[in-house]
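All you need for the numbering used here is the position in the sequence shown, starting with 1, plus 644.
Note that CB positions come from ideal geometry on N, CA and C, so glycine has one too.
The model shown is predicted, which means the values in this text are computed figures rather than measured ones.
Have a look at the structure below, then the notes.
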Amino acid sequence: QISDSLFERNHAGAYGGGIHIGGNAYMINIINTSFIGNTAGQSGGAVYVNLYDSNGKVRFTSNSGEEIVFRGNMEGVNDEFRTPESNAIHIANGNVELKTMSNSESKITFDDSISGTVIDHTDSQGNLVSKEYKGNLHIISDKGGEITLNNQIKNLNLVHKSGTLRLNTSDKLADGASILQNVNLTFSPDGNDSIRFDLANGKLDNLLINNLSITEPTGDQKLLIALDVDLNQGLSDFFEVKGGSTGTLKF
């Protein structure tokens with residue numbers, strides 16, 4: 645367990661500028677800890693996660709009533725074949741859980757992107773048959789707080805279980821940019837705080853979703869989706885689902 649810490653301006657030649665988490669770890673808890681200005685030569689500007697057990701989990705928790713941040717982290721800084729880019733966490737395999745709890749002022753804010761590994765499966769002729777998403781990002785809140793993702797989330801499974809998830813609230817992405825890119829999005833209520841998927845940021849957002857799945861909440865838990873709509877221009881936040889969808893979105 646790591647708690648009440650700051651990882652700042654660390655560097656790794658290959659993976660995980662601040663921390664490289666791998667092997668047979670089943671549960672790693674990182675509590676009230678921020679990552680600022682870390683760099684990786686290849687992937688995972690602040691954190692690189694590659695767990696052998698696909699059920700393994702790395703949990704980032706804010707429970708102190710303060711904000712923990714991921715800001716100014718970069719990957720690809722040693723790769724001559726790519727341009728360095730913003731990245732907080734790369735999930736090569738396993739689960740990352742973002743959790744706020746115990747205090748309505750607890751916050752987790754990402755100004756850097758989060759990415760995962762996708763494996764393409766092809767047939768004998770080289771035609772794409774399916775994609776295997778190795779990284780899973782879970783959003784959870786128990787008794788308050790909010791999580792904000794201000795940069796691109798790409799190539800992973802995003803599972804929103806409870807609490808407020810705010811998207812693209814800063815100027816990290818241009819109006820109309822894809823905040824979700826090649827993501828499988830699942831709303832899976834867990835019985836804790838109501839789900840609020842908040843795109844009401846004053847911008848027109850694109851969400852490029854591979855598959856969308858919705859499970860209807862039970863009990864007092866609700867699923868709320870907040871959107872921006874510009875009636876004068878006939879524009880609104882846009883969900884593009886490329887694969888399939890289960891469940892129903894009603895507006």
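query                                                                                                           : result
GLY720, buried or exposed, once every other Cβ within 10 Å from all chains shown has been counted against 16    : buried
Proximity of ILE675 and THR705 at Cβ, strictly below 8 Å                                                        : yes
Under 8 Å between C-beta atoms of LEU800 and ASP842                                                             : no
Distance CB(ASP722)-CB(GLY685) smaller than 8 Å                                                                 : Contrary to the premise, residue 722 reads as Asn rather than Asp in this sequence. The answer is yes: Cβ separation under 8 Å.
CA-to-CA distance, ASP872 to GLY846, given in whole angstroms                                                   : 6 Å
Other residues of its chain near ILE763: CB distance less than 6 Å, five sequence neighbours each side excluded : GLU776
Sub-8 Å separation of GLY667 and TYR696 beta-carbons                                                            : yes
Buried versus exposed, by CB contacts within 10 Å (16 or more), GLU710                                          : exposed
Reference ILE752; option with closest CA among ARG726, GLN796, ASN707, VAL773                                   : ASN707
Of the residues ASP815, ASP756, ASP834, the one placed nearest ILE784, counting alpha carbons only              : ASP834
Test item: CB-CB of ASN794 and SER768 under 8 Å                                                                 : no
Cα-Cα separation, THR677 to HIS765                                                                              : 37 Å
Distance between beta carbons of GLY788 and SER750, contact taken as under 8 Å                                  : 6 Å
As assigned by DSSP and simplified to three states, the class of ASN771                                         : coil
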